[in-house]
Amino acid sequence: MRIIVCVKAIPRGEGRLSISESGDRVICEGAGGVTINESDEYALEQGAALKTALGAELAAITVGPLTSQEALCVALSKGADKAVRIDADISDPGMVARVMAGAIKRLGYDLILTGVESWDYLWSQVGILLATRLGIPSAYAVIGVEFSGDRKSLRVTKELRGGACQYLAMDLPALLCVQYGMHPLSFVPPRRQMWARSQPQDTVTLEELGIEDRPGESPGPFKVLGVGLPERVRWVQFLEGRTPEIADQLMGKIRNATQ
Amino acid sequence: MPPSSPWQEILVFLGYGQYCPEGSGLALLARSRDLASRLGSKVTALTMGDRLIDPVVSAAAEAGAHEIVSIEEPALMHYNAEVFAQVLASVVRERGAGLLLFPHTLEATEVAPAVAEMLGIPALTNCIDIESSEGALVVTRPMFGGTRHVRVQVARGTPLVATVQLRVRAAGNGRRSASPAIQRVQLAAAQWSARTRVLGMSEPPAGEVDLTKAQVIVSAGRGAASKPTLKLIEDLASLLGGVVACSRPMADLNWFPRDRIVGTSGKTVKPKLYLACGISGASQHLAGMQEAQTIIAINKDPYAPIFEVAHYGVVGKLEEVLPALINSARLARAGA
Chain D
1 MRIIVCVKAI PRGEGRLSIS ESGDRVICEG AGGVTINESD EYALEQGAAL KTALGAELAA
61 ITVGPLTSQE ALCVALSKGA DKAVRIDADI SDPGMVARVM AGAIKRLGYD LILTGVESWD
121 YLWSQVGILL ATRLGIPSAY AVIGVEFSGD RKSLRVTKEL RGGACQYLAM DLPALLCVQY
181 GMHPLSFVPP RRQMWARSQP QDTVTLEELG IEDRPGESPG PFKVLGVGLP ERVRWVQFLE
241 GRTPEIADQL MGKIRNATQ
Chain S
1001 MPPSSPWQEI LVFLGYGQYC PEGSGLALLA RSRDLASRLG SKVTALTMGD RLIDPVVSAA
1061 AEAGAHEIVS IEEPALMHYN AEVFAQVLAS VVRERGAGLL LFPHTLEATE VAPAVAEMLG
1121 IPALTNCIDI ESSEGALVVT RPMFGGTRHV RVQVARGTPL VATVQLRVRA AGNGRRSASP
1181 AIQRVQLAAA QWSARTRVLG MSEPPAGEVD LTKAQVIVSA GRGAASKPTL KLIEDLASLL
1241 GGVVACSRPM ADLNWFPRDR IVGTSGKTVK PKLYLACGIS GASQHLAGMQ EAQTIIAINK
1301 DPYAPIFEVA HYGVVGKLEE VLPALINSAR LARAGA
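In order, the protein sequence lines correspond to chains D and S.
Quick note: the first sequence uses our numbering, first residue 1, plus one each step.
Quick note: the second sequence uses our numbering, first residue 1001, plus one each step.
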């Protein structure tokens, strides 16, 4: 059985972000400024747990420039047997799903795991687009998974609104978008982290995947008008002063609100 | 006869079964009516379930729908992502509609990209605003955990699927539609194929407290993830006669049981007072609490997205603000 986990490298925090002079791009400053996307890390932990339980092979895949290797290092340190980076600097979720589908088909798979969102662009699309493109069943916001005795199908628990759960059955191959918290995050000792850095990673180019058109070269239907800090909202009133004064003001607002 | 320009009709998904009409869907419908009058389009509300009921018709009319398309099939009372995506893609295709808008829910996050992929058109998910400007659409989305916003222009006529969580106070009222035309669409199960089989569902456990009925909620986020800070939050909640809730990460980190989560994967609450402590305000959380009557947020980051929905904000450390507030609450109680 082969399990593939899709991971993404993202900026290590918003403190390193700045906005380009043209005002339409966010720039991540500084070397070593990326880490694995938290939501993908939960998918990775689940993949590692399934690897142990089923004796499966676990491969991690990412799309990104050289710095994205960081996410694959985390994957290797947490139990991935193989790491593949598709060398392309793209952020459009449709394009990411397209190139991932190409590489994943070449790898072969029984189960694909992704996170539910990436902290940087917050699309929440790649998993579902990938499953639709590959023509395999999928579920979003998964919090539980059990394999059938013959390991040919899955019983999946997923979240619905309001804390309700839905139970699904689906045959493999399948794709699951793993919800935050499905499996606790583990600590990796520094020595193991160092070891992971010395492990080989495969690189695949778009040419090798037969993708000729260069993503990002055509303007597409969307044009970024501007990126910035959230507009200071019209109705929020910030309370200012020394802490005891703020507390008294707050208490006044609370009293008004609860009368 | 399908319209010739893909923006002649804006389809707004209003919900399914017992989740119809969805409050956020009605807000989106009202906003779409505004868009439609600027774009020269018509607005159609889309519902799914066994039948169309009168309250849905009047709510859709109130929000300004020109037409209601009711897809009637008992199987559509209950959520099945794969089936919903196929049905919606076929409706969009048949009507030649170029814009399909969903309120941004957990279900829409799953269905919208699949519909877009089936139709071969792009999707803009997790939008917080959608406006028109000079014949084009302008969409605002959060990025980088909500600490930055991006405004994206969608060229006129571009077919699009989008999920939109309007900030409620920005939604507007739409304009009442006298009597929307109603079209009932009956579907046969043969029109879809499902590889996922729904085995059942379970409602969330009742929990010790019913957050949905609480009048005062003091809520803890990642910024409150320490025993001393949580003790302060509990003390404050008890002084104010309220209950303690949390954002999703706090349950993932096992600080709280899951029945205390507020947001798309937890409860939707409308208390008189919602006091957010150390909650940055991910979209999933805001969706569950933005309709509280008064929202107070305490956060050390002045640009935390929680301040987008708060009425009153305090930029500061919880360890400093909460003890002072507890002190004020004690004095107020003693003086009362």
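The C-beta atom is built at its ideal place from N, Cα and C for all residues, glycine as well.
Because the structure is a prediction, the values reported are computed rather than measured.
Requested in this report: Kindly list, in the order they appear in chain S, the residues whose Cβ is closer than 9 Å to that of D:K253.
Outcome: Under the 9 Å cutoff, chain S gives L1273, T1294, I1296, H1311, Y1312.
Query raised in the report: When the Cβ atoms of the stretch 8–15 of chain D are set against those of the stretch 1135–1154 of chain S, are three or more pairs found closer than 8 Å?
Result: Yes, since at least three Cβ pairs between the stretch 8–15 of chain D and the stretch 1135–1154 of chain S fall closer than 8 Å, the two stretches touch.
Report task. Quick one: list the residues of chain B neighbouring D:V224, beta-carbon separation under 7 Å, in chain order. Result -> Here chain B cannot be found, since the structure's protein chains are D and S.
Requested in this report: Assign S:A1287 to one of two classes, buried (16 or more other C-beta atoms within 10 Å of its C-beta) or exposed (fewer than that).
Outcome: With 16 or more other CB atoms across the displayed protein chains lying within 10 angstroms of its CB, S:A1287 is buried.
Query raised in the report: Taking the alpha carbon of D:D120 as the point to measure from, which residue in S:P1142, S:L1099, S:V1115 has its own alpha carbon closest?
Result: The residue with the shortest Cα to Cα distance from D:D120 is S:P1142.
Query raised in the report: Is D:Q193 helix, strand or coil when you go by DSSP?
Result: The DSSP-derived three-state label of D:Q193 is helix.
**Report entry** Cβ-Cβ separation, D:V126 to D:E70 (assumed contact under 8 Å), whole Å
**Finding:** That pair is no contact at about 18 Å.
Query raised in the report: Mind pulling the chain D residues with CB within less than 8 Å of S:Y1079?
Result: For S:Y1079, the chain D residues whose C-beta falls within less than 8 Å of its own C-beta are L160, Q166, listed in chain order.
Requested in this report: Determine, using beta carbons only, whether S:A1251 comes closer than 8 Å to chain D.
Outcome: When Cβ-Cβ separations below 8 Å define contact, S:A1251 makes contact with chain D.
Query raised in the report: Which stretch, first to last residue, makes up the alpha helix (DSSP H) that contains S:E1117?
Result: Its alpha helix (DSSP H) spans residues 1106–1119.
Query raised in the report: Straight-line CA distance for S:P1021 to D:P221?
Result: Cα to Cα, the separation comes out at about 31 Å.
Report task. Using a Cβ cut-off of 8 Å (strictly closer), state whether D:E70 contacts chain S. Result -> Against chain S, the CB of D:E70 has no partner CB under 8 Å away; the residue lies outside that interface.
Query raised in the report: Alpha carbon to alpha carbon, what distance is there between S:S1032 and S:P1003?
Result: Any reading at S:P1003 must be qualified, since the residue scores a pLDDT of 44, below 50, and its modelled position is unreliable; the value itself is stated next. Their Cα atoms are separated by approximately 18 Å.
Report task. To the nearest angstrom, report how far apart D:I19 and D:L225 are at their CA atoms. Result -> Each residue's alpha carbon lies about 13 Å from the other.
Requested in this report: Taking C-beta pairs closer than 9 Å, name the residues in chain D that S:K1042 reaches, listed in chain order.
Outcome: The premise fails here: S:K1042 is roughly 22 Å from chain D at the closest Cβ pair, so nothing lies under 9 Å.
Query raised in the report: What runs of the beta strand (DSSP E), each 3 residues or longer, lie entirely inside the stretch 1212–1247 of chain S?
Result: The DSSP assignment places complete beta strand (DSSP E) segments of no fewer than 3 residues inside the stretch 1212–1247 of chain S at 1216–1220, 1243–1246, in order along the chain.
Report task. Between the Cα of S:E1067 and those of S:G1281, S:S1328, S:S1058, S:P1074, spot the shortest distance and give me the residue it belongs to. Result -> When each option's Cα is compared against that of S:E1067, the closest is S:S1058.
Query raised in the report: Would you report the Cα separation of D:S91 and S:P1055, rounded to the nearest angstrom?
Result: Distance between the alpha carbons of D:S91 and S:P1055: 42 Å.
Query raised in the report: Are S:Y1303 and D:L229 touching if we call contact CB-CB under 8 Å?
Result: It is a contact, given that the beta carbons lie within the stated cut-off.
**Report entry** CB-CB length for D:R192 against D:S77, believed under 8 Å
**Finding:** Indeed, because the Cβ distance is near 5 Å, the residues count as touching under 8 Å.
Query raised in the report: Is it true that the stretch 1204–1217 of chain S meets the stretch 1091–1111 of chain S, where meeting means three or more beta-carbon pairs spaced less than 8 Å apart?
Result: Judged by Cβ distances under 8 Å, the stretch 1204–1217 of chain S makes no contact with the stretch 1091–1111 of chain S, as fewer than three pairs qualify.
Query raised in the report: Looking only at C-alpha atoms, which of D:P137, D:M194, D:G115 sits nearest to D:L168?
Result: Taking only the C-alpha atoms, the option nearest D:L168 is D:P137.
Query raised in the report: According to DSSP, is D:T67 helix, strand or coil?
Result: Helix, per DSSP.
Report task. Would you tell me roughly how many angstroms separate the C-alpha atoms of D:R98 and S:I1296, rounded to the nearest one? Result -> When rounded, the distance between both Cα atoms is 43 Å.
Query - S:V1343 versus S:S1132, S:N1080, S:V1139, residue with shortest Cα-Cα distance - result: Missing from the structure shown is residue 1343 of chain S; chain S here goes from 1001 to 1336 and no further.
Query raised in the report: Given that D:M100 touches chain S, what residues does it touch there, using C-beta distances under 9 Å?
Result: Per Cβ cutoff of 9 Å: no residues; D:M100 is ~13 Å from chain S at best.
Query raised in the report: Secondary structure at S:L1166, three-state DSSP: helix, strand or coil?
Result: In the structure shown, S:L1166 sits in coil (DSSP, three-state: anything other than H, G, I, E or B).
Query raised in the report: Applying a beta-carbon distance threshold of less than 8 Å, which residues of chain D neighbour S:E1320?
Result: Under the 8 Å cutoff, chain D gives T243.
Report task. Taking S:L1240 as the reference, give the member of S:V1262, S:K1272, S:L1026 with the closest Cα. Result -> Answer by Cα proximity: S:K1272.
Requested in this report: Measure the Cβ-Cβ separation of D:L113 and D:L176 and say whether it is below 8 Å.
Outcome: Cβ atoms of D:L113 and D:L176: closer than 8 Å.
Query raised in the report: Residues of chain D with a CB under 8 Å from the CB of S:D1034: which are they?
Result: Under the 8 Å cutoff, chain D gives no residues; its nearest Cβ is about 18 Å from S:D1034.
Query raised in the report: Helix or strand or just coil, what does DSSP make of D:L172?
Result: Coil at D:L172, not helix or strand.
**Report entry** Simplified DSSP state of S:M1001, which is helix, strand or coil
**Finding:** Per-residue confidence for S:M1001 stands at a pLDDT of 39, beneath the threshold of 50, marking its modelled position as unreliable; the derived number appears in the next sentence. In this structure, S:M1001 counts as coil in the three-state DSSP scheme.
Requested in this report: Please list the partners that S:E1203 has in chain D, where partner means a Cβ-to-Cβ separation under 7 Å.
Outcome: The answer, in chain order, is A164.
Query raised in the report: Over what stretch of residues does the alpha helix (DSSP H) that includes S:F1084 continue unbroken?
Result: Unbroken alpha helix (DSSP H) run through S:F1084: 1081–1095.
**Report entry** Rounded straight-line distance, which links the Cα of S:L1035 to that of S:V1083
**Finding:** Their backbone Cα atoms lie some 29 Å apart in a straight line.
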